Amino acid sequence: MHALAATGSSESGGFLAYLVIFALVTLGWAGIPGIGATVLGAATALASQGRLNITAVLLVAVIAVEVGGMAGYSVGVRWGRALLSHPGPLLARRQRVLTAGEAMYAKWGRLAVFFTPCMVSGIAKMKYSQFVVWNLLAGTVYVLSVGLTVYGAGKITTGQHDPGSVGSLIGGIAIGVAAFLLGRRYHRRRKARRAGAPGGRGAAMPAPAAADEEN
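Right, dumping it as structure tokens:
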């Protein structure tokens, strides 16, 4: 992330730094592993040292995860199954991703957006209007939770023990915990509704997309 640090080290390079953040986080959320988390962590760490603006970093990252998510979804709808099932390197691993992703949607419904690559949402034929909303929700929770936590931790480790730094760290952790608890509650309510539906657990398991439509 030396290039990101260099572009953010001067006022004139600020715009370029945010453009790099947007591009790389978009690619990461679209399906390239590791990029998004690395860039978000580096950018918020730089912001904690005053080399980038934390509000701008978080806003750019949220927009990027939405754009990247829609791109990944579109790839999944059109070519996802073929890409993951195509003979070649890592075929067994790709097939496991596909199987696990579809099982996740069958079990968790729309909440699976939080845990699976966006391409899998497209493969599972999640309704696009629902995906747009849930991807934005998942991306925002991720960006704020990780971004604020890293930002606060960066401030504190460099000796800036002001209320804002501590509040940022606590806020980031709290967002992650709250999202987990709300997600667990949603899953339990969904499970209860499905168990109480005609046929209960004995009914045939709906396809991932159909299960998603129920909630």
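Numbering-wise (the numbering used here), the sequence shown opens with residue 241 and increments by one. Glycine residues also receive a C-beta, built at the ideal position from the N, C-alpha and C atoms. Owing to the predicted nature of the structure, the values given are computational and were not obtained by experimental measurement.
*Flag this pair as yes or no: are the beta carbons of Gly268 and Val315 separated by less than 9 Å?*
Taking a C-beta distance under 9 Å as the contact criterion, Gly268 and Val315 do not qualify as a contact pair.
*Gly416 to Val360, Cα distance in whole Å?*
Going from the Cα of Gly416 to the Cα of Val360 covers about 23 Å.
*Contact under 9 Å by Cβ, Leu286 with Tyr258*: Not closer than 9 Å, so no.
_Cβ pair count under 8 Å reaching 3, the stretch 419 to 429 against the stretch 403 to 411_ = For the pair of segments examined, the stretch 419 to 429 was found not to touch the stretch 403 to 411: the number of CB pairs separated by less than 8 Å stays below three.
_Could you tell me the alpha carbon to alpha carbon distance between Leu256 and Gly399, rounded to whole angstroms?_
Between Leu256 and Gly399, the C-alpha separation is close to 29 Å.
*asked:* Quick check: what's the CA-CA separation for Met310 versus Val353?
replied: Roughly 12 Å separates the two Cα atoms.
_Unbroken alpha helix (DSSP H) run spanning Arg318, endpoints_ = Element bounds for Arg318: n/a, residue is neither H nor E.
*Could you check what DSSP says for Ala538 in three-state terms: helix, strand or coil?*
What the structure shows of the chain is the stretch from 241 to 455, and residue 538 is not part of that stretch, so it cannot be assessed.
*Which residue's Cα is closest to the Cα of Ile410: Lys365, Arg430, Thr389?*
Residue Thr389 is the option with its Cα nearest to Ile410.
*Can you find at least 3 beta carbon pairs, one from the stretch 263 to 283 and one from the stretch 376 to 389, that sit closer than 8 Å?*
A contact exists between the stretch 263 to 283 and the stretch 376 to 389.
*Evaluate Val373 with the Cβ neighbour count: other Cβ atoms within 10 Å of its Cβ, from every protein chain shown; 16 or more gives buried, anything less gives exposed.*
Its Cβ having fewer than 16 others within 10 Å, Val373 is exposed.
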